[in-house]
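Engineer: Take our numbering: the last position of the sequence shown gets the number 261, and nothing is skipped along the way. In this text, a Cβ means the ideal position worked out from N, Cα and C, and glycines have one as well. Computed from a prediction, not measured in an experiment: that's the story for all the values here.
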Amino acid sequence: MNRIMVIGVSPGVGKSTFARELGEELHMNVYHLDAYFWKPGWVMKAVDEFAAEQQEIVEREQWIIEGNYNNTYEVRVAHADTIIYLELPLYVCLYRVCKRWIKNFGQTRSDMGEGCKEKLDVEFIRYIVTTYNRRKKTMKKRLQAFEEQRSLNKVIVLTNKKAIRTYLNTVCG
């Protein structure tokens, strides 16, 4: 496990927290894609610029990259040796997104682009709810394709809080 992608079914599934804890324990740098994608004031970066920044990261010896971003998925997966996929129930993801908004109201999280203060709106909630099941299916296909791509590729699927904690304790213990 030298080049690890942490992806998840939805915002609020715990990708950032998991990646941060894993990085601390494995003494590996963690790269949060939100911090690269968003410019101050929630302005999106151009896809080619975003992809180029990721290309620099994936060529390094070791990394943990956290985030989904379908439009640049191929940049990361071509170099990864491990995908850790988090899939918690929709209600947990929604709860966590709301909790995160309250906890970080008016602040910019460390895993977010500079100048992007925590926000929550109806469109974001609608996005989570309306794409959750479709993303589950897409992720299943992606994980299968990744495992079939190279014999040494490894997929770890964690589907509840206990499994996530157990995994971190096992890897880090």
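Report the residue from Gln232, Ile152 and Ala140 whose alpha carbon sits nearest the alpha carbon of Lys103.
Structural biologist: Per the Cα distances, Ile152.
Engineer: Can you tell which of Ser98, Arg91 and Met93 has the C-alpha that lies nearest to the C-alpha of Lys225?
Structural biologist: It is Ser98 whose Cα lies nearest to the Cα of Lys225.
Engineer: Give the range of the beta strand (DSSP E) segment to which Leu174 is assigned.
Structural biologist: Element bounds for Leu174: Thr170 to Leu174.
Engineer: Count the other C-beta atoms from every protein chain shown that fall within 10 angstroms of the C-beta of Ala233, then say buried if there are 16 or more, exposed otherwise.
Structural biologist: Exposed, by the Cβ-count rule.
Engineer: Which residues does DSSP pair with Phe212 in a beta bridge?
Structural biologist: The partner list for Phe212 (beta bridge, DSSP) is empty, contrary to what the question assumes.
Engineer: Would you kindly work out how many angstroms separate the C-alpha atoms of Ala140 and Tyr179, rounded to a whole number?
Structural biologist: Computed Cα separation, rounded: 35 Å.
Engineer: Please state whether the Cβ-Cβ distance between Leu246 and Ile145 is less than 8 Å.
Structural biologist: No. Outside cutoff.
Engineer: Buried or exposed: Glu113, going by 16 or more other Cβ atoms within 10 Å of its Cβ?
Structural biologist: Counting Cβ neighbours within 10 Å, Glu113 comes out exposed, since fewer than 16 surround it.
Engineer: Can you tell which of Ala168, Val94, Tyr255 and Thr196 has its C-alpha closest to the C-alpha of Pro128?
Structural biologist: For the residues Ala168, Val94, Tyr255 and Thr196, the minimum Cα distance to Pro128 belongs to Thr196.
Engineer: Taking only runs of the alpha helix (DSSP H) that begin and end inside the segment 136-186, which ones reach a length of at least 4 residues, in chain order?
Structural biologist: With a minimum length of 4 residues, the continuous alpha helix (DSSP H) runs that stay inside the segment 136-186 are 161-165.
Engineer: Are the segment 247-255 and the segment 202-212 touching, with three or more C-beta to C-beta distances below 8 Å?
Structural biologist: At 8 Å Cβ cutoff, the stretches do not touch.
Engineer: If you pair each beta-carbon of the segment 148-163 with each one of the segment 235-244, do three or more pairs fall below 8 Å?
Structural biologist: The segment 148-163, when compared against the segment 235-244, does not touch it at the 8 Å Cβ threshold.
Engineer: Where does Glu202 fall in DSSP's three states?
Structural biologist: Looking at Glu202 - three-state DSSP - the assignment turns out to be coil, as it is neither helix nor strand.
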